[in-house]
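Chains as they are written, first to last, in our numbering: chain A, 6 to 550; chain B, 6 to 550. Where is the CB? At the ideal position from N, CA and C, for every residue including glycine. Keep in mind it's a predicted model, so treat the numbers as computed, not measured. Okay, structure first, notes after.
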């Protein structure tokens, strides 16, 4: 006989089983009962100022923890997360979105229900565009099956999923599903793999200047060790994409730098263009990563979780992990000596020019000496992202930035997500003034939850990236006193710096401030820009104008 | 021969033609070229901190101006407005959403384009759920036709529409459409109208206690004069729904008050329940308006722009305006004497209890004496909305609140929308602390555009409405020093009040501060609530628990 449980119990049990200890979100009347049960479970709820903040935080939590979850009310809550959930979809952050909804018994009433739009499927239809699987828990009989199905899809595809939970189903009794003997559905595709491998190995062995490019899927699918093993079996140099930055320790001797086509470091771009075999592993083919370069597909091997391609021909059903593991085996007898020694010089000791105004390029150069080991660097978009390509992420530290979807306002709430998982850390957070005005109020959560990141607001008085695409008054924004935010939220250290000397002092004060978060308002000239941004605007500007 | 123009010129021309003088939004690379052309036209662009703020502002601008517009970049911009646009859909605010998008020639490239999700139709598909008509301007030949089609739909249905503008089409030449001799498509439906009218008139004449209920469509379709004429022809008392509050001057002698079912004023609820003929004009049948009452449909006549129903039978194709006009004609010979004199007492002069802590009920009582004529009262949700039902909106003033969709965080950006249209006004804005934390940073725009509203933050330390539905730690939020916001945004007067005496002083200071906006942090007990909220939680609480 089947055992009985309730849908809520089963859902909470399922969240715990996949490793979720915290759920981000804001309740509302359609979800508050489930929220209350969640709060009384072993899972903790984490509130934010707005639902978008909760979604960005859950996304970052997912990137650190392997999976994240979000719980919101119907429409006014859920629709506020669409942009952030779309970002998680685009950048492959597995996220479980749970939304309250009108009860099954309310749905046929005479009245329009508050928070609803066109009809009661509108929110579900919208989420279909930004999630990989969806369910509505409106039938207790199959609710556990549906929960299993969407969470499995979340883990498999590393994309968000949507669970709609009508409020009158929260207590509904449902059967406990039988313990599944997970049939391994993986196809026996040795023939395909062998064929692909043979061709890849021949191509690699014949190459004079092979290079490996690691992307974000190496982290998402936890293939870091397999990736390192391949590097060390071959001795080939490697780069990462921006989204894949810091997938493994950037102090690795074979690390050449971050590749971003012609927008990125020209030395690295040249190296890739001259390579007669680029082995791309787990990297997404995005315009910002590669769109500006003349990547000759005839000289690439491209392997991701979803696609496998040598030159211009595709293979189906090749597992990314299997391929990396087998490739390392095939190549290890071939070449053990490290072919490449990094030519990228570590910046000479930074000499402070005390009275000079801070420039974005020098800010990032200086920051290289400030990032501790075992920590995070979290960057927003614009020059916070472009400038950060020059950062060398130290041992056991990791880099987080929305490098492909590039939604402004990611960094501050993302920092909350990271710190809820790892509250002992003090990440370095870099955010532009425009992005800060979108979601910066979420640093209220740093005060509320007693978290201590160090936030640099790169204050260049507006949307500087866009000034170089097409300038106009629409690029000007109100110049806030960002460093006074601690007074609003009741905690935190606020500092304001204009010169290199003041920046040095701020570094010291921030490091010594172990009691609260620190926010540093870094004044920059409104036309100051990083080298990456210079290259980007000269290339992308043409598309705009 | 057809004259030639460009898609951009035609779009800007069309916006101007329907009365749009301002477009709210934030540019991004997919839309910045159009933004720049917009800025160089007669239409002004208005920037905000976030796209959601822009959308709420455009919604409020629409409610004041008759139509509003919003311009954003692809996905990271557009998807950030979905919740606000859904609110405009639900509450019938006509809004033109223009989104930049990848160029037609970029769409078939080898790379994933930044800001994109599943495919390049994702954003369009999402907007289909929250707009009444959509187009993609990817073909210059039919672009003008498409622009006309969606803007016509916007005006006709009073709902948002979506225009996607690929960035390489901005300069594209297109034909100027022929001047349309707008064929009036209105059906000759006199037979239907006469039949409905005859039945309605008989029902009304036979009634002993008829009452009229006015809803938001009276304002949306500009039927205020027709409505007043009907009132004065009949002498019947009238109420409004919450969303319809202040459709006409609340000092009208036949005005009974705002109807909100059992949640609202019990006298008014009783009056409606006892009525043998309730004539509902332009009011949406929502749960918050009516869901709690025992409205006997056999005793109602229900007419909106989309539906017409007497008792339980429907009529098609009846125009709301025609019906109101003809009904007034039929009834004017019948009854001219005013049947009803308001029994709702105007509150006796408010006596300040100087040392008493401020209570929400007394706050609203006192506020009644503070609202000037020719002004706006703009309320957010929660007790800001519930409490405000007790406000009597003076002559030529209007009330604005998201009374049906009830998305928190509407009021501050909505105030921007109102003031961009009417910068000389100083509206009274009432917002809860929870709602303020969502979008309150948009008051930066008051400083940036030199606007001077008076903002009351009803600070009850969390989500008080929800405390009464289901209390838990998730209802606690960080207690900000809301009155210090002027220091962040560089302008404004901030005040903090706890007692009635301090509130009195704040009223005076706010009135005297004609140079900037004023924000008043009104401390309330976290369990203090309005009478409406008391009734609401005792009724709706059951659905939650």
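For the 8 Å Cβ check, are there 3 or more pairs between the region 64-81 of chain B and the region 101-109 of chain B? Segments in contact, yes.
Measuring only the C-alpha atoms, how far is residue 229(A) from residue 397(A)? The alpha-carbon separation between residue 229(A) and residue 397(A) amounts to approximately 18 Å.
Can you name, in chain order, every residue of its own chain whose Cβ lies under 6 Å from the Cβ of residue 255(B), other than the five neighbours on each side? Cβ neighbours of residue 255(B) beyond the five flanking positions: 397 and 398.
Scan the region 31-42 of chain A for residues whose Cβ lies nearer than 9 Å to a Cβ of chain B and list them as they occur along the chain. The residues in question are 31, 32, 33, 34, 35, 37, 38, 40 and 41.
Less than 7 Å separating the beta-carbons of residue 141(B) and residue 111(B)? In this structure, residue 111(B) does not lie closer than 7 Å to residue 141(B) by Cβ.
Would residue 317(B) be called buried (16 or more neighbouring beta carbons within 10 Å of its own) or exposed? Counting Cβ neighbours within 10 Å, residue 317(B) comes out exposed, since fewer than 16 surround it.
Quick check on residue 196(A): buried or exposed, where buried means 16 or more other Cβ atoms within 10 Å of its Cβ? Under this definition residue 196(A) is an exposed residue.
Below 6 Å CB to CB, which residues in the same chain sit around residue 515(B) once its five sequence neighbours on both sides are set aside? The beta carbon of residue 515(B) sits closer than 6 Å to the beta carbons of 459 and 523 from its chain, once the five residues preceding and following it are set aside; these are given in chain order.
Spatial neighbours of residue 508(B) in its chain, beta-carbon cut-off 6 Å, leaving aside the 5 residues before and after: Closer than 6 Å at the Cβ level, and outside the excluded window around residue 508(B), lie 363 and 502.
Using beta carbons (cut-off 7 Å, strictly below), is residue 174(A) in contact with chain B? Not one chain B Cβ lies under 7 Å of residue 174(A).
Helix, strand or coil: how does DSSP classify residue 216(B) here? It is a strand residue.
State the start and end residues of the unbroken beta strand (DSSP E) segment that holds residue 261(B). In this chain, the beta strand (DSSP E) harbouring residue 261(B) covers 260-263.
Spell out whether any CB of chain B is found under 7 Å from the CB atom of residue 526(A). It does not: the Cβ of residue 526(A) has no partner Cβ on chain B nearer than 7 Å.
What residue from 82(A), 528(A), 158(A) and 541(A) has the CA that sits closest to residue 365(A)'s CA? Ranking 82(A), 528(A), 158(A) and 541(A) by CA distance to the CA of residue 365(A) puts 528(A) first.
Alpha carbon to alpha carbon, how far is residue 33(A) from residue 444(A)? Taking the straight line from one Cα to the other gives about 21 Å.
Is it true that the region 131-150 of chain B meets the region 201-211 of chain B, where meeting means three or more beta-carbon pairs spaced less than 8 Å apart? No: fewer than three Cβ pairs fall under 8 Å.
For residue 286(B), does the three-state DSSP call read helix, strand or coil? DSSP, reduced to helix, strand and coil, places residue 286(B) within a strand of the structure shown.
Quick one: which chain B residues come within Cβ less than 8 Å of residue 442(A)? Neighbours of residue 442(A) on chain B, chain order: 54, 55, 446 and 449.
Could you tell me whether the Cβ of residue 50(A) comes closer than 7 Å to any Cβ of chain B? It does: the Cβ of residue 50(A) has a partner Cβ on chain B nearer than 7 Å.
Own chain residues within Cβ distance below 7 Å of residue 541(A), not counting five before or after: Cβ neighbours of residue 541(A) beyond the five flanking positions: 268 and 391.
In chain B, which residues lie with their C-beta within 7 Å of the C-beta of residue 494(A)? Under the 7 Å cutoff, chain B gives 483 and 485.
For residue 30(A), count neighbouring Cβ atoms within 10 angstroms of its own Cβ and tell me buried if that reaches 16, exposed if not. With 16 or more neighbouring CB atoms inside 10 Å of its own CB, residue 30(A) falls in the buried class.
Name the one or two DSSP bridge partners that residue 362(B) has. The partner list for residue 362(B) (beta bridge, DSSP) reads 504(B).
Just to make sure I have the definition right: I need the residues of chain B whose C-beta is within less than 7 Å of the C-beta of residue 292(A). Which are they? Neighbours of residue 292(A) on chain B, chain order: 116, 117, 118 and 119.
In three-state terms, what does DSSP make of residue 27(B)? Strand at residue 27(B).
Going by DSSP, what residue range makes up the beta strand (DSSP E) through residue 51(B)? Looking at the DSSP string, the run of the beta strand (DSSP E) that includes residue 51(B) is 49-51.
Extent of the continuous alpha helix (DSSP H) run through residue 159(B): Annotation for residue 159(B): the continuous alpha helix (DSSP H) segment containing it runs 148-162.
Is it buried or exposed, residue 519(B), if we count other Cβ atoms within 10 angstroms and call 16 or more buried? By the 10 Å Cβ count, residue 519(B) comes out exposed.
Neighbourhood of residue 46(A) by C-beta distance below 7 Å, restricted to the same chain and skipping five residues each side: So the list reads 17, once near-sequence residues are dropped.
Hey, does residue 95(B) have any beta-carbon neighbour from chain A nearer than 7 Å? So yes, residue 95(B) belongs to the interface.
Mind the definition here: the region 402-415 of chain B touches the region 119-129 of chain A only if three or more C-beta pairs lie below 8 Å; say whether that holds. In short, these stretches touch, since the Cβ pair count reaches three.
Looking at residue 474(A) and residue 387(A), is the spacing between their C-beta atoms short of 7 Å? No; because the gap between Cβ atoms is not below 7 Å, this pair is not in contact.
Quick test of your reading: residue 357(B) and residue 505(B), contact by CB under 8 Å. State the CB separation rounded to the nearest angstrom. Sure, about 5 Å apart at Cβ, within 8 Å.
Once DSSP output is grouped into helix, strand and coil, what is the label at residue 528(A)? Residue state, collapsed to three classes: strand.
Classification of residue 88(B) by the beta-carbon crowding that lies within 10 angstroms, buried from 16 upward: Buried, since its Cβ has 16 or more Cβ neighbours within 10 Å.
For residue 70(B), count the other beta carbons within 10 Å of its own beta carbon; 16 or more makes it buried, fewer makes it exposed. Which is it? Under this definition residue 70(B) is a buried residue.
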